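One structure below.
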Amino acid sequence: MNKAPLSLAELNALTLIVTHRSFRKAADELGLSASTLSHMMRTLEANLGVRLLNRTTRSVAPTSAGERLVTRMAPLLREFELALEEVNAFRDLPSGSLRISASEPAARILMEAILPQFLARFPQMSVDLVTDGRLVDIVAEGFDAGIRLGESVPQDMVAVALGPPMRFITVASPGYLEQHPAPSTPDDLQRHRCIAFRMPSGKPYRWEFEKYGQALTVNTSGNLTLDNVEIMADAAVRGLGIAYVPEHTVAQHMKAKRLVSVLEDWCPPGPGLFLYYPGHRHVPVGLRAFIEVVREIADVG
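For the sequence shown, position 90 (counting from the first letter as 1) is numbered 90 according to the UniProt record's numbering, and the numbering increases by one without interruption.
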């Protein structure tokens, strides 16, 4: 009996499983159930007559044969994607999906104007926006682009400004400042309750200040540590201490006088958010359209 020919769908599924080291994550990306994907891989292995994946109840990893096949197939799958992109370029409007990695604050900024305008202008496009505090490798994890602060963008990426420079400021509630005199210098923060920020790596974020060319980095002390700047702002409003957050996240609180800026002259603006993508790869039509919208809105802003 002749074995069934290999399908592109099976090879693409194998690549995603090896990339994610997970049946569940690959199945989610493909819109399949994990059991369907597992059956697909057993069929592929049977047709090839070789085991491609080592499975346990907790993990999945490629065998040597599976690793070799994925490595050899990667350029061919990429060529297939490029061929579809070339056809897509002949459409009046681009279609397909765009996968973007962003921090949660960046995702909120996208939702304000950029995403609504992009999806309205290009209704045949879909966007998969993944929020993650980690600075992920967008190439290795299958993203078309990422959005992070300029200082975090890898140097080998093409970066497009998403907005103006961003400023981190220190804020506290009027009630807190009634009981604790406002700090005059960053060193004074050692005598205050500070709301610390925990980075995705688990390390505390060190507060950075600058004045007259003098840069200071402060390790703050306090009894509250959080991992979300919106919640940090709420904690400061409740008088739990001084928070160090992006200015735009507390603009409404400051306008309503629920928060007051301190150490104002020690908080200059720094690089804002940037959309970035690999410069050495073909830029998909959908990503080019997204960049067009980003540049328009960034210019207006």
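Glycine included, every Cβ here is placed at the ideal spot set by N, Cα and C. These numbers were taken from a predicted model, which means no experiment stands behind them.
- Pairing F23 with K211, the inter-Cα distance amounts to about 51 Å.
- For A182, the closest C-alpha among the options E151, A243, M41 and G270 is that of A243.
- Cβ neighbours of F80 within its own chain (closer than 8 Å, five residues either side excluded): L8.
- Taken through DSSP and simplified to helix, strand or coil, F209 comes out as strand.
- If the five residues before and after S221 are omitted, its C-beta is found closer than 7 Å to the C-beta atoms of Q190 and C194, all from its own chain and listed in chain order.
- According to DSSP, M111 shares a beta bridge with no other residue.
- Secondary structure at Q214: strand, using DSSP grouped into helix, strand and coil.
- Taking C-beta atoms as the reference points, L53 and G66 count as a pair closer than 7 Å.
- V260 has A172 as its beta-bridge partners, per DSSP.
- By alpha-carbon distance to G96, the top candidate from E296, L287, S184 and V218 is L287.
- At the C-beta level, I297 and A113 come within 7 Å of one another.
- Its Cα nearest to that of T71, the residue L14 stands out among G146, L14 and S35.
- Comparing alpha-carbon positions, the option among F168, V237 and V285 lying closest to C267 turns out to be F168.
- If you draw a straight line from the Cα of G279 to the Cα of P246, it is about 29 Å long.
- Apart from sequence neighbours up to five positions away, the residues of its chain that approach R21 with a beta-carbon distance below 8 Å are S59, V60 and A61, ordered along the chain.
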